[in-house]
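Undergrad:
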Amino acid sequence: MEHQDQVLHYPDPRLRRKAEPVEEITPEIQARVRAMFPLMYEERGIGLAAPQLGWNVRLFVVNISGEPGDEFALINPELVEEGGGTWVLEEGCLSLPGIHGKVKRNKRIVMRGYDLDGNEIEIEADGMVARCMLHEFDHLDGILFIDRLSPVKKQSIKRKLRTLEEEFATASA
Ligand code: NI
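In numbering that gives the first Met the number 0, the protein residues as written are 0 to 172.
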């Protein structure tokens with residue numbers, strides 16, 4: 000099975016692919032997506048995109064509070080609107096353990112897509128939810144938050160990236 004219940008770490012090349020749209024929301028896909036939530040909570044994440052599991056489809060899950068009822072999944076998301084000015088905040092990523100850095104993103108967004116039941120939904124978000132959705136949306140195009148860091152910051156995390164590269168080389172040897 001292509002899906003694996005393990006978050007891939009940088010520099011796994013599967014994190015750099017452009018993900019494919021979901022053609023049909025089957026019971027199998029619903030089950031896979033539902034299984035992403037406990038995995039995300041276990042890893043103490045606030046968002047998780049399918050490509051982070053080596054599952055090359057355009058969907059992600061989010062729960063920024065970690066509270067039941069705040070979770071949602073978005074399938075085949077489209078960024079419809081982006082604005083409200085920009086803000087900078089430190090981000091991390093389950094695929095880049097131990098690395099954090101400030102990323103500039105738009106404050107307000109509107110994304111359209113499908114929920115787990117196949118209903119078309121539009122989500123208007125701002126602040127942390129918007130930031131998290133943009134971060135996860137990036138994963139669907141193979142973009143990691145480290146790609147959006149300033150050149151100075153990029154330089155300063157080089158050693159940590161090198162460590163992850165060595166770990167990856169060891170694990171795949
Ligand atoms: Ni991430």
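Idealized CB from N, CA, C, for every residue including glycine.
These numbers come from a predicted model, not from an experiment.
Taking Cβ to Cβ, would you say Ile45 is nearer than 8 Å to Ile98?
TA: One-based indexing of the sequence shown puts residue 45 at position 46. One-based indexing of the sequence shown puts residue 98 at position 99. No, these two residues do not count as a Cβ contact at 8 Å.
Undergrad: Mind reading off the beta-carbon distance from Ala173 to Asp114? Whole number of angstroms is fine, and I expect it under 8 Å.
TA: This structure leaves residue 173 out entirely; the chain is present only between 0 and 172.
Undergrad: Consult DSSP for Thr25 and reduce its assignment to one of helix, strand or coil.
TA: On the sequence shown, position 26 is the one that residue 25 refers to. Residue state, collapsed to three classes: coil.
Undergrad: Give the straight-line distance between the Cα atoms of Asn55 and Val151, rounded to the nearest whole angstrom.
TA: Along the sequence shown, one-based indexing puts residue 55 at 56. Along the sequence shown, one-based indexing puts residue 151 at 152. Cα to Cα, the separation comes out at about 32 Å.
Undergrad: With a CB to CB cut of under 8 Å and the five nearest residues on each side skipped, what residues in its chain are close to Glu90?
TA: For the purposes of this step, residue 90 is taken as residue 91 along the sequence shown, with counting starting at 1. His99, Gly100, Lys101, Val102, Arg130, His134 and Phe144, listed in sequence order.
Undergrad: Kindly examine the ligand NI and report whether one of its heavy atoms sits closer than 7 Å to the Cβ of Leu93.
TA: The residue given as residue 93 occupies position 94 in the sequence shown. Yes, Cβ of Leu93 sits closer than 7 Å to a heavy atom of the ligand NI.
Undergrad: Excluding the 5 residues preceding and the 5 following Arg57 in the sequence, name in chain order all residues of the same chain whose CB lies nearer than 6 Å to its CB.
TA: Numbered from 1 along the sequence shown, position 58 holds the residue referred to as residue 57. So the qualifying residues of the chain are Ala18, Pro20, Asn75 and Leu139.
Undergrad: Shortest alpha-carbon distance to Leu52 belongs to which of Leu38, Arg43 and Val61?
TA: For the purposes of this step, residue 52 is taken as residue 53 along the sequence shown, with counting starting at 1. Taking only the C-alpha atoms, the option nearest Leu52 is Leu38.
Undergrad: Does the distance from the CB of Ala48 to the CB of Asp4 come in under 8 Å?
TA: The residue labelled residue 48 in the question sits at position 49 within the sequence shown. The residue labelled residue 4 in the question sits at position 5 within the sequence shown. No; because the gap between Cβ atoms is not below 8 Å, this pair is not in contact.
Undergrad: With a 10 Å radius around its C-beta and 16 neighbouring C-beta atoms as the bar for buried, classify Leu95 as buried or exposed.
TA: Within the sequence shown, residue 95 is the residue found at index 96, counting from 1. Looking at its Cβ environment, which holds 16 or more other Cβ atoms inside 10 Å, Leu95 is buried.
Undergrad: My output table needs one value for Phe167: the three-state DSSP class, helix, strand or coil.
TA: Stepping through the sequence shown from its first residue, residue 167 is reached at position 168. If DSSP states are grouped into helix, strand and coil, Phe167 belongs with the helices.
Undergrad: So for Asp146, helix, strand or coil by DSSP?
TA: Taking the sequence shown and counting its residues from 1, the one referred to as residue 146 is at position 147. If DSSP states are grouped into helix, strand and coil, Asp146 belongs with the helices.
Undergrad: For Val79, does the count of other Cβ atoms within 10 angstroms reach 16, so buried, or fall short, so exposed?
TA: Within the sequence shown, residue 79 is the residue found at index 80, counting from 1. Flag for Val79 reads exposed.
Undergrad: Does the beta carbon of His99 fall short of 7 Å from some heavy atom of the ligand NI?
TA: Position 100 of the sequence shown, counted from the start, is the residue given in the question as residue 99. No, Cβ of His99 sits at least 7 Å from all heavy atoms of the ligand NI.
Undergrad: Report back the beta-carbon spacing between Thr85 and Asn105 to the nearest angstrom; my notes put them in contact at under 8 Å.
TA: Here residue 85 is taken as the residue at index 86 of the sequence shown, counted from 1. Here residue 105 is taken as the residue at index 106 of the sequence shown, counted from 1. The Cβ separation is near 6 Å, so the contact holds.
Undergrad: Where do the N-terminal and C-terminal ends of the alpha helix (DSSP H) with Arg130 fall, by residue?
TA: In the sequence shown, counting from the first residue as 1, residue 130 sits at position 131. Here the alpha helix (DSSP H) through Arg130 covers Gly126 to His138.
Undergrad: Which complete beta strand (DSSP E) runs does the segment 40-83 hold, if anything under 3 residues is left out?
TA: 46-48 and 58-61
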